[in-house]
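Structure record follows, encoded as structure tokens.
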Amino acid sequence: MKTKQVAEAVRLRLQMAPGVALGPGKADLLEGIRQTGSIAAAGRRMRMSYKRAWQLVDELNRLFDVPLVASSKGGPGGGGATLTKAGADVLARYRRMHAACCVAIVDDLSALYRHRSSAADSSKKKSARRRA
4 MKTKQVAEAV RLRLQMAPGV ALGPGKADLL EGIRQTGSIA AAGRRMRMSY KRAWQLVDEL
64 NRLFDVPLVA SSKGGPGGGG ATLTKAGADV LARYRRMHAA CCVAIVDDLS ALYRHRSSAA
124 DSSKKKSARR RA
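Residues 4 to 135, numbered by the numbering used here, are exactly what the sequence shown covers, in order.
Structure (structure tokens):
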């Protein structure tokens, strides 16, 4: 299996507190904030409402002992958001853990994929067509 295929098959979700997980969605949101400088823009990239993006940022900021995202209010020059040092560290550690998981399971995952039934691929295509 190629690295990208393994990475897409593995969805690392860390239960950080009861009912609160750090997973690919929150990691992608942090990455989007890092890249765009905006919570709203990061949320739009993920087809997420502004309100939902803010809720997730608030949840992340409350989860850790220091905020992961610093934001400034809008105005004539516009607002913005940046990852704090802690936010960049959490994102980097999450990405490293995900990569390590992928490396650890690539052989076993490849074996499972070799033993899949041909019906598994056709049912996935049918499901995708129904959603479209």
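Note that the Cβ used here is the ideal one computed from N, Cα and C, for glycine as well.
Close beta carbons around residue i, own chain, < 8 Å, minus the five adjacent residues each side
i     : result
Tyr16 : The displayed chain sequence assigns Arg, not Tyr, to residue 16. Cβ within range, chain order: Ala24, Leu25, Gly26, Pro27.
Arg1  : The structure shown has nothing for residue 1, since the chain only spans 4 to 135.
Leu3  : Given that the chain is displayed from residue 4 to residue 135, the structure contains no residue 3 and the question cannot be resolved.
Spatially closest choice to residue i from the options, by CA coordinates
i     : options                        : result
Gly35 : Leu59, Val13, Pro21, Ala12     : Leu59
Glu11 : Leu112, Tyr53, Met49           : Leu112
Leu32 : Ala20, Ser52, Gln18, Cys105    : Ser52
Gly77 : Ala107, Arg117, Gly40          : Gly40
Arg96 : Met49, Gly46, Ile108, Leu71    : Leu71
Ala56 : Ile42, Gln18, Met19            : Ile42
Met19 : Arg48, Ser121, Gly46, Asp68    : Asp68
Thr6  : Asp110, Ser121, Ser125         : Asp110
Ala73 : Ala123, Gln8, Ser121, Arg37    : Arg37
Met4  : His101, Arg117, Met100, Asp124 : Arg117
Neighbour-count burial assignment, residue i, 16 or more Cβ in a 10 Å radius
i      : result
Ala30  : buried
Val93  : buried
Ala103 : exposed
Asp90  : Looking at the sequence provided, one finds Gly at residue 90 rather than Asp. Counting Cβ neighbours within 10 Å, Gly90 comes out buried, since at least 16 surround it.
Leu63  : buried
Leu86  : buried
8 Å Cβ cutoff, residue i in contact with chain D
i     : result
Gly40 : Annotation note: the requested chain D is absent from the structure, which comprises a single protein chain.
Residues sharing a beta bridge with residue i, DSSP
i     : result
Val23 : Ala20
6 Å Cβ shell around residue i - same chain, five flanking residues per side excluded
i      : result
Ala44  : none
Leu115 : none
Lys88  : none
Close beta carbons around residue i, own chain, < 7 Å, minus the five adjacent residues each side
i      : result
Ser75  : Gly82, Gly83
Met49  : Asp31, Leu32, Gly35
Val184 : Nothing about residue 184 can be read from this structure; the chain reaches only from 4 to 135.
So within the stretch 37-104, which uninterrupted beta strand (DSSP E) runs reach at least 3 residues, ignoring any that extend past its ends?
Those beta strand (DSSP E) runs which fall completely within the stretch 37-104 and span 3+ residues are 72-75, 83-86.
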